[in-house]
Amino acid sequence: MSKQAASTKGSGAEKSGEAPDFETSLAELEGLVEALESGDLSLAESLERFKRGVELSKHCHEMLDQARQSVEILTRPEDEASAQAFDKPAG
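Numbering (this note's numbering), first residue to last: 15 to 105.
Here you go:
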């Protein structure tokens with residue numbers, strides 16, 4: 015199977031309804047970029063791969079945002095976390 019053909023195949027997790035993990039998504043995205051940069055694709059193939067790349071890029075950004083939020087929560091000082099928990103909404 016060619017690298018280009020492999021780069022458009024979804025992972026097993028994706029086929030089962032689960033979102034692929036970050037590393038799998040990033041690897042597929044990198045493969046799509048290589049295929050697009052090669053200039054060997056037809057316009058239709060390029061557009062299809064570009065659309066998939068946009069989807070993967072959004073998915074990767076969402077996972078990075080979730081990871082960043084988790085790190086912020088885990089590294090937040092305890093006094094700050096408890097102070098926020100007792101703040102009443104303005105109104």
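Glycine included, C-beta positions come from ideal geometry on N, C-alpha and C.
Could you spell out where the alpha helix (DSSP H) holding Gly67 opens and where it closes?
57-89
Inspect the CB distances between the region 29-41 and the region 49-64 and report whether three or more fall short of 8 Å.
no
Taking the straight line between their C-alpha atoms, what separation do you get for Lys65 and Glu59?
10 Å
Nearest-angstrom Cα separation, counted from Leu57 out to Leu88:
46 Å
Give me the Cα-Cα distance between Gly67 and Met77, rounded to the nearest whole angstrom.
15 Å
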